[in-house]
Amino acid sequence: MSGATLPQVVRTRAQLREALAEAPRPIGLVPTMGALHEGHASLIQRARRENATVLISIFVNPRQFNELSDFRKYPRDEAADRRLADSAGADIIWIPSVADVYPAGFQTTVTVGALTEPLEGAARPGHFEGVTTIVAILLGLAGAERAYFGQKDAQQLLVIRRMATDLGIGTEIVACPIVREPDGLAMSSRNVRLTPEARAAAPVLRQALLAARARYEAGERDGEALRAAMREMLAKEPLAEPEYVSCASPETLNELDRFDGPALVSMAVRFGSVRLIDNEPLA
Ligand code: PAF
């Protein structure tokens, strides 16, 4: 389908229903908040390879921002997003309004338990309820066979998988690898807000993860030693203000002491008002 015609843009639930009724199956959904970059393009391209129809949603979800200023500052550029979605191979671009997603009288929240408590959940109260509620709505309305999410938000991915399993949501949740700039910085819509100095400093997140990986590959299996290796690397960069540094179980996200299986190392680091996250699975 892609390439010959521009993707169809739908905004209301009725328009979405109509477009999907005619769409060849299987359908792959790529949920986004816009500000699309190469990381999103890789999700759309993967969905293109694996499905007959690629549906991308663009919705800056107010419920998942715990800081109103972050919501207001979130970059929005519909024309640029439509161009990127088109060139990556989307068939249908779904851009709903807040009133269409959360109609009058809306009063349902989806809450996942312990997995949402540490890391991003501790740093951003209410964030995951916002994410699971919107993702449940998007999955419900799209009824897609597959939905694609980036590994950069590793905790989000685990939480969404848990929700889909627990609620019997039939959509397969597909995890896609992190896409990085040549200097190692993970692609993120927030990167454009970094000052030139902070942008130059930001690859330190990747360097800290690689320091942990090097220790792990040398046989280190002490969670605190891996956290210390990451903190030490971050401390070399004066502009980086670490919020948390974690070496946790990739299944429960509980912090590890001594361990023998796999681990997930992750961090959140502030550069002024811009907060970046990154992670690396160790196995
Ligand atoms: O990862 C994101 O961009 C958002 O959290 C998502 C999954 C689109 C829900 O708003």
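This note's numbering applies: residue 7 is where the sequence shown begins, and numbers increase by one. Glycine residues also receive a C-beta, built at the ideal position from the N, C-alpha and C atoms.
For residue i, the first and last residue of its enclosing beta strand (DSSP E)
i           : result
residue 178 : 178-182
residue 291 : Nothing can be reported for residue 291: it is not among the residues displayed for the chain, which extend from 7 to 289.
Coil, strand or helix - residue i by DSSP
i           : result
residue 163 : helix
residue 38  : strand
residue 25  : helix
residue 265 : coil
residue 193 : coil
residue 303 : Residue 303 is absent from the structure shown; the chain starts at 7 and stops at 289.
residue 106 : helix
residue 14  : strand
residue 99  : strand
residue 288 : strand
residue 198 : helix
residue 276 : strand
residue 282 : strand
residue 186 : strand
residue 9   : A caution first: residue 9 carries a pLDDT of 46, below 50, which makes its placement in the model unreliable, though a value can still be read off. The answer is coil: DSSP assigns residue 9 none of H, G, I, E or B.
residue 270 : strand
Start-to-end residues for the alpha helix (DSSP H) that takes in residue i
i           : result
residue 202 : 202-207
residue 93  : 84-94
residue 60  : No alpha helix (DSSP H) contains residue 60, which is instead part of the beta strand (DSSP E) from 59-64.
residue 222 : 210-223
residue 114 : Here residue 114 belongs to no alpha helix (DSSP H), and DSSP marks it neither H nor E.
residue 48  : 44-56
residue 134 : 133-148
residue 127 : 125-129
residue 74  : 74-79
residue 240 : 229-241
C-beta contact flag for residue i and residue j at 7 Å
i           : j           : result
residue 262 : residue 253 : yes
residue 129 : residue 249 : yes
residue 232 : residue 209 : no
residue 94  : residue 157 : no
residue 26  : residue 100 : no
residue 271 : residue 204 : no
residue 170 : residue 61  : no
residue 40  : residue 82  : yes
residue 276 : residue 238 : no
residue 259 : residue 173 : no
Taking contact to mean 3 or more Cβ pairs, one atom from each stretch, closer than 8 Å, check whether the region 86-94 and the region 116-131 are in contact. no
Taking 8 Å as the threshold, find out whether the region 262-275 comes into contact with the region 141-154 through three or more Cβ pairs. no
Three Cβ pairs or more, each shorter than 8 Å: is that satisfied between the region 195-204 and the region 159-166? no
Do three or more CB pairs link the region 110-118 to the region 33-52 at distances below 8 Å? no
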